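Just so you know, the protein sequences line up as chains G and H, in that order. Residue numbers for the first sequence follow the working numbering, beginning at 753 and rising by one. Residue numbers for the second sequence follow the working numbering, beginning at 682 and rising by one. Read the structure below first, then the notes.
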Amino acid sequence: MPSRRRPVRARPDARNRFVSQTGRSLAPVVPAVDQCSRYARLTSIMAALDQGIAFVNPDGLVLEVNDRYLDLCRQSRANILGHGLASLGLETEDYQASAFLDLFRRGVAHAAVTFNQRLGERDVTVKLQPVREADAFTGIIVSVIDVTALVEARVSVEREKHYLEQVITIAGAAICIVNREDVVVTINDEFTAITGYDRETALGRPRQSLLRETPPSPCPAAAAPGSAVQKRQSQILTRDRRRLTILKNAASILDAQGEPSGGIESFVDVTDLIRARLEAEQTSRLKSAFLANMSHEIRTPLNAIMGLAQLLNRTGLTEDQRECVSTMQAAGEDLLVILNDVLDFSRIESGRMEVRPASVSLASLLETLRRIMMPAAMEKGLSLETDLDPLLPRHVQVDPVRLKQVLLNLLQNAIKFTEKGQVSLSVRCLATPDLSRTSLPVRFLVRDTGAGIPAAMLDRIFEPFVQVGDPLNRPQGGTGLGLSIANRLVRLLGAPALEVTSQEGHGSVFSFTLRLHEPEAGRCIPEDDDVRPLGLGFDGLRALVAEDNAFNRFLLGKILEKIGLPAPDNAPDGARALEMILAQEEAGTPYDVVFMDVRMPGLDGLEVCRRVREAHIATPIVALTAQAAPDDAARCREAGMTAYFSKPYRISDLENVLRGFLPPLPSGGN
Amino acid sequence: MRESPRETALNFLVGEHQLPRDMAEQTLALADTVLRDGLSRLKAAAEAGDLATCLETAHGLKGNLLNLGLPELAQVAHAVVAAARSGEAAASRRLAAELVRSVVPFFAATGEESPVVG
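Below, the structure written as C-alpha cells:
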C-alpha cells in the first residue's frame, strides 16, 4: 500500500510560473514567442476538453486545472490551484492519488494508473499519468472522465438482471435460456430439480443433446419475432435416464433491434399428472362401462318382467292373482326408480349431468306437477295445493327436466311421509320485477304437515343413502339417494343448496332459490304450456323417419300415424336422410321433427346430425337406439340431437317428446 | 297355456302401441321378412367369422325384437353383440345359433319354414 505524503504548497517564480520547492521549472526551455504561442494552444485545448485535467508536480501541488475539472468537483480554481493534491478530491477509502504520487516520485511505479470513484455528485474514471522528463519524474497528469451515465446504465442492467434472476429462481417451472445456436446459457434451480443437470453440466451444451426431447422441438430462438408463445407437450430424458412428460412454453428473446438473440423455454413435469389423468379416465371408463352394463343387464330383464306382468294382467285372472301381478308390477316400477336414482347420482358425481335451459312456463309446470301427484295425494286423503306468485314473469329460462325432477322428488317425499293434512308447492318471487333486473330470485317451497325430521338428522339429510327412521323398519322404502340427487341438481341449476326446516310432528319445508332470467324476446316457445290432451295437435307435424331397418321404420311410422301425425317421410339410410333434410330446408319447408336411428350403415345417425347442425339447421332430431347407456345419451347430445330414447318405442314417450315441438297454443287456448 | 312369441308380439303391438289388429298383423308380416333376412345374414356372418357384420346384424335384430315386445329374445341378440364386440368368434357363432333357435317359434305360426333353420 503506498504511503501517504503530506502535500506541499508550491510558490510562483518571478515570471509567475509555478516552480517546485527544488526550484526546477515545469516547462521546457523554448524560445519565448513559440512558448507563448504553444502555451496559448495548450490552454485552449485543455479548456475545450470534455475531460477534467489537472497537473500535479512531484511535491503534490496542483499547478494546472481546467474548467471541466472544476465543474466535476464543484470547486473554484482558487481552492485548487496551488493547493495540495487532496484538493482534487482523489483521496478515497479505496484509492489515494497521493499514495500513487509517492510511488511515481520514488520511481517504484512508472505506468499510468486508472481507477473509478465518486467525485462530487458524479461517477468518474480517474487516470494518473506520470510525466517524466529526461528520465526524471516531473509530475502527474490527472485526467477525469465523467462516466455517471455509463455507471447508471450498468447499475440499471444489474438491477434488471438481479430481478430476472430472482424471477427465474423462484419460478415454479424449469427455465432454460439458449443462445441463437441453441446452446444452453442459463438454467434455474427447478431445471436442475427436474432434469438432474446442474449449471456445471448444462451450461454450454446444445439443448437438444442435453434433454433428448421427443418429438424434437426447434430452437426457440428460431421463432418468428412477435409470434405467440409456443406451447407443447413432449418427453425428455433426465440425467438419470428417466423419461418425463413435460408441458412447456417457448419463445424467442429479442435484442434492442427486435432481432432474436436467443430463446427461452419454461416447462413443468406433468408425468404424474398425466398418469393420474389416464388412471382417472380408465377408472371413469370402467365405471361408465359398469353402469352401462348394469343399466342394460337390469333394464332388459326388468322390462321383460314388467311387460309380461302387464300382459298377464290382461288375461282372465282371479282377484288374488291380479293383486299378485299388480304387486309384481309395482315392485318392478320401484326397482326402475332405484336404478334410475343410482344412474343419476353416478352421472352427477362424474360431472356428466348436463343442464339444458329452455323457456318454461312456471304455471304449466306447476299444473303438470299437480296432475302427476294428485292421485298419490288423494289416495292418502291429503290435499295438494300449488301456488304461483303473480309477480313472476310468464316464462323463465331454466332446465325444465331437472327442475321438474327436483320438485317431483320433493313432492313425492312430502306425500310419502305425510299421513294427514296437506302438501303444498309454492313459487315466490323474492324481488320486484322491473326492466333493470337481468334475473329474479325465485324461491320454490314444498311444505308438508307430516312427521317431520328429527333435529339430529337435519344436518345429514342430504347425504347419500341417509334415510329418516328405523333402518330395519322403513315402510317408505327407497334408496336414500333422492334428496341427495335433488340437492346436487338444485346446485347444478344455480341454487346455493337445497334447504330444509323441520319440526318433529309438525312437518317440513324444503326450499331452494334460483336466479331465473326471462327468455330472450322471440324465444318464448311455450313448450310447457301444453296442458291439452295427449295426442291432440300432432296433425300439423311433418316428420322424417331415418332408419335402415324396414320393420322399425314401418312400425314407427304406424305409431306416429296412430297418435295423429300425417304419414312420415322415410329415409332408408343416413345419406338419404341428410339429403332430404337439406332439401326440405332449402325449399323453406323444414321438417318439424326427425327421428334418427343412431346406428345406420354408411353415414350413421350421429354424423348426419352433426352435418345438419353444421348447416345451421335447427330441426329437432330425436335419436333412436337399442341401447340405454349414459354414454349414448351424452354422444347424442354432443352430436346435436334434441332428444333421445331407446327401443322399444312407447306411445307415451313419443307423445312427451312431440309435445315439445308443437307450435304455441293461441292465447287463452287451454 | 304359455303364449307364443308371435302372440306376445301381436299383443304388444295392439296393447302397447294401440295399433288396430289388422295393422298389427301387417306389421308382423313385415317383421317376418326382416327377421328372416336378419337371422339369415347373422348365421352366415357368424359361420364365416365375420364379427363386424355379426355385430351390426345382431344389433339390428335386438332393436326389432325390442320393438316387438320380446325383450327376452332381445337379450340373446345383445349377447351376440357383446360376444362379437369382444372378438369372440366361437361364442358369437354359438350365440347366433341360439338366437336363431330362440326366434324360430316366432315363425312357427306362419306355417312357413324359416330359411335359416336347419
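Built from N, CA and C at the ideal position, the CB exists for glycine as well. Treat the numbers as computed from the prediction; the structure is a model and nothing was measured.
Chain G has a Cβ within less than 8 Å of the Cβ of Lys743 of chain H. What Leu711 of chain H touches in chain G, judged by beta-carbon distance under 7 Å, is Ala1302, Phe1303 and Phe1306, going in chain order. Within chain G, the residues Phe1306, Leu1307 and Lys1310 have their CB atoms less than 7 Å from the CB of Thr708 of chain H, given in chain order. Leaving aside the five residues that flank His759 of chain H on each side, the residues in its chain whose CB is nearer than 7 Å to its CB run, in chain order, Lys743. Within chain H, the C-beta atoms nearer than 9 Å to that of Arg1351 of chain G come from Glu737, His740, Gly741 and Gly744, in chain order.
For chain H, the residues of the stretch 1373–1400 of chain G that bring a beta carbon within less than 7 Å of one of its beta carbons are Ala1378, Lys1399 and Pro1400, in chain order. Comparing C-alpha distances from Pro1320 of chain G to each of G:Glu1337, G:Gly1326, G:Gly1340 and G:Phe1290 shows the shortest one belongs to G:Phe1290.
Distances from the alpha-carbon of Phe1264 of chain G to those of G:Pro1342, G:Asn1001, G:Leu1155 and G:Lys1132 put G:Leu1155 closest.
Contact between the stretch 960–980 of chain G and the stretch 995–1011 of chain G is present: three or more C-beta pairs spanning the two stretches fall below 8 Å. Taking the beta carbon of Arg1402 of chain G as reference, the chain H residues within 7 Å of it are Glu697, listed in sequence order. Lys1314 of chain G has a beta carbon lying within less than 8 Å of a beta carbon in chain H. One Cα belongs to Arg820 of chain G, the other to Ala863 of chain G, and the distance between them is close to 25 Å. In the three-state DSSP reduction, Lys1132 of chain G falls in the coil class, being neither helix nor strand. In the structure shown, the three-state DSSP call for Tyr1396 of chain G is strand. Between the alpha carbons of Ala1028 of chain G and Pro1127 of chain G lies a gap of roughly 51 Å. Around the CB of Val1148 of chain G, 16 or more other CB atoms lie within 10 Å, so the residue is classed as buried. Cα atoms of Val1158 of chain G and Thr997 of chain G: separation of roughly 45 Å, rounded to the nearest angstrom. Contacts with chain G at 8 Å (Cβ-Cβ) do not include Val781 of chain H. Arg959 of chain G counts as buried, since at least 16 other C-beta atoms from the protein chains shown sit within 10 angstroms of its C-beta. Contact of Val715 of chain H with chain G by beta-carbon distance below 7 Å involves Asn1301, Ala1302 and Phe1303. Ser1098 of chain G places its beta carbon 8 Å or farther from that of Pro1271 of chain G.
Rounded to whole angstroms, the separation of the alpha carbons of Val1020 of chain G and Gln1081 of chain G is 59 Å.
For Ser828 of chain G, there is no enclosing alpha helix (DSSP H), as DSSP marks it with neither H nor E.
The distance from the Cβ of Val814 of chain G to that of Ile832 of chain G is about 5 Å, consistent with a contact at the 8 Å cut-off. Phe943 of chain G counts as buried, since at least 16 other C-beta atoms from the protein chains shown sit within 10 angstroms of its C-beta.
Inter-segment contact for the stretch 918–935 of chain G and the stretch 893–902 of chain G is absent: fewer than three beta-carbon pairs are separated by less than 8 Å. The beta carbon of Leu720 of chain H does not come within 8 Å of any beta carbon belonging to chain G, so the residue lies off that interface.
From the listed residues G:Ala954, G:Gly1354, G:Arg1294 and G:Glu1390, the smallest Cα separation to Thr990 of chain G is found for G:Ala954. Residue environment for Pro752 of chain H: buried (at least 16 other C-beta atoms within 10 angstroms of its C-beta). The alpha-carbon separation between Leu1160 of chain G and Gly1246 of chain G amounts to approximately 18 Å. Between the alpha carbons of Thr1371 of chain G and Leu1406 of chain G lies a distance of about 16 Å.
Restricting attention to G:Ala799, G:Ser1116, G:Asp1349 and G:Ser1191, the CA atom closest to the CA of Arg1328 of chain G is found in G:Asp1349. Taking the beta carbon of Leu700 of chain H as reference, the chain G residues within 7 Å of it are Lys1310 and Lys1314, listed in sequence order. Of all alpha-carbon atoms in H:Ala733, H:Asp718 and H:Arg702, the one lying nearest the alpha-carbon of Phe788 of chain H is that of H:Asp718. At the C-beta level, Leu1091 of chain G and Ile1050 of chain G come within 8 Å of one another.
Residue environment: Ala849 of chain G is assigned as buried (16 or more neighbouring CB atoms within 10 Å of its CB, all protein chains considered).
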